[in-house]
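The structure under discussion appears below in the form of C-alpha cells.
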DNA sequence: ATGAATGCAAAGGTTTTGCACCCCC
DNA sequence: GGGGGTGCAAAACCTTTGCATTCAT
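Laid out in C-alpha cells, this is it:
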C-alpha cells in the first residue's frame, strides 16, 4: 500500500481538544484513489500534458491527508514522504492540480497563507479552530440566501465568497 | 494642512465603474485627527514607548486615505509622501498601530495580501469589487445571528470572523 | 524521437533583523 | 543621558524562473 501509517485507524480520529473529526472528509478508499488518479490522467491527456510519477504522488498525498494544507506545508510533506521531489515541482503541481479540479484554493489561515483543499462540488465555509489549528467545514443555507439578498441589494453580482470563523473549541480540555 | 490633495472634494467621489463611494468612510476632520493623535500618544506613553514623527505620519496617512491598504501599498504611499521614512519603520509601525487600536487586519484581497483598515468599533464584512478592486463594507444582522447559531450548534465559541464576497459591479460600464 | 517535466540553483519579491546613529522623554 | 526608534543593508522566507537533463509517450 505505501500509506499504511495514514490509512490505518477505523475508529474516528480524535483531535487534541477531544473533538472527533466529524467535519473532516474521510480518507479515500483505494478505489476512490483510482478514480482521482484517472481524473488526473484524463485531464492531463486532454491538455496534452504528461502523467508523471511526481504529479500523482503529490496528488495522492493531498488526497490522503484530506486537503487543508498551505503550499509550504505541502512542500514539507512531499519532501518528507518522497525524497527527491523538488519544491518547484510541488508549486508547479499545485497549479496543475487546481486546473484539474482536484485541488482548489479555499481560505487564508491565521498566518495569511492560502490553504488549499480538495475540490469537491458543493460550497462550504470554514471554521478555524484556534485551539488545535484544525479546519472544519460548515454550510448553512440561510446564511447563503441572506448573503445573496444583501449583495444584490447593493448592486453587486457575486462571483465567490469566503466566510471563515475563527473560534475556540468548546470541547477544549486545557 | 499638508494633505489638501486628499481632502479637497466635497462632492461624493465616483469610482471607475460609476458607483459612488457610498460604503467608504469619510475623511476625518482635523479635530478627529487630533483625537486619533492623542489616542496614539496615550497608547505609546502607557506602554513606555515613544511618540515619534514617523509613527504619526504613518498613522495620519492611513487615516486620511480611509484605510484599506496592504503593507506593500502603505510602504509605497509613505515613501511617496514622506521621503526618508524607511520600509522597516512602516512594517514596525503597522504592528504598533494595530496594538494601539488605530489599525487592524481586515481581509485578504484577491492577491492573498492582508489588507489593513481603520480600527472602528462595530463589526462589518467586506465586498471586494473585481472590476475596480475597491473594497466596500456591509453589515447584516440576520447573517450575523444565523452564523452565531450555526457556530454554537457545532460547539465552537467564535472569536472573530471574516466574510468577504468577491463580486462584479452591476454599475460596470465597460 | 520529441517535447514536456523535473531538479537544481539563481533570481524575485516581501518582510524581518542587526546595528550604528539619532532623538524623544 | 539613556533607552527606545530609525534608516540602511543584510538576512530570511516564500515563490517563481531559467536551464540542462530526464522522462513519458
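Chains as they are written, first to last, in the working numbering: chain A, 1 to 174; chain B, 175 to 348. Glycine included, C-beta positions come from ideal geometry on N, C-alpha and C. Just so we're clear, the structure is a prediction, and the values are computed from it rather than from any experiment.
In this structure residue 317(B) is in contact with residue 143(A), their Cβ atoms being roughly 6 Å apart against a cut-off of 8 Å. Residues 77, 78, 81 of the same chain have their beta carbon placed closer than 7 Å to that of residue 61(A), with the five preceding and five following residues left out of the count.
With its beta carbon at least 8 Å from every one in chain A, residue 213(B) lies outside the interface. At least one CB atom of chain A sits nearer than 8 Å to the CB of residue 312(B).
Annotation for residue 37(A): 56 place their beta carbon closer than 7 Å to its own, counting only its chain and skipping 5 residues before and after. Proximity of residue 251(B) to chain A, defined by a Cβ-Cβ separation below 8 Å, is not satisfied. Beta-bridge annotation (DSSP): residue 303(B) is paired with 341(B).
Only residues of its own chain outside the window of five on either side were considered, and among them 293 have a CB closer than 6 Å to the CB of residue 275(B), listed in chain order. The three-state secondary structure of residue 329(B), taken from DSSP, is coil. Taking C-beta atoms as the reference points, residue 280(B) and residue 289(B) count as a pair closer than 8 Å. Residue 140(A) and residue 343(B) have their alpha carbons spaced roughly 25 Å apart. Taking all protein chains in view, the Cβ of residue 152(A) is surrounded by fewer than 16 other Cβ atoms within 10 Å, so the residue is classified as exposed.
Around the C-beta of residue 209(B), fewer than 16 other C-beta atoms lie within 10 Å, and the residue is accordingly described as exposed. The beta carbons of residue 265(B) and residue 304(B) sit no closer together than 8 Å.
The beta-carbon separation of residue 207(B) and residue 237(B), rounded to 6 Å, stays under the 8 Å limit for a contact. In the structure shown, residue 217(B) falls within a helical segment according to DSSP collapsed to helix, strand and coil.
With a threshold of 8 Å between beta carbons, residue 110(A) makes no contact with chain B. Shown here, residue 319(B) sits in a helix according to DSSP, grouped into three states. If the five residues before and after residue 249(B) are omitted, its C-beta is found closer than 7 Å to the C-beta atoms of 261, 264, all from its own chain and listed in chain order.
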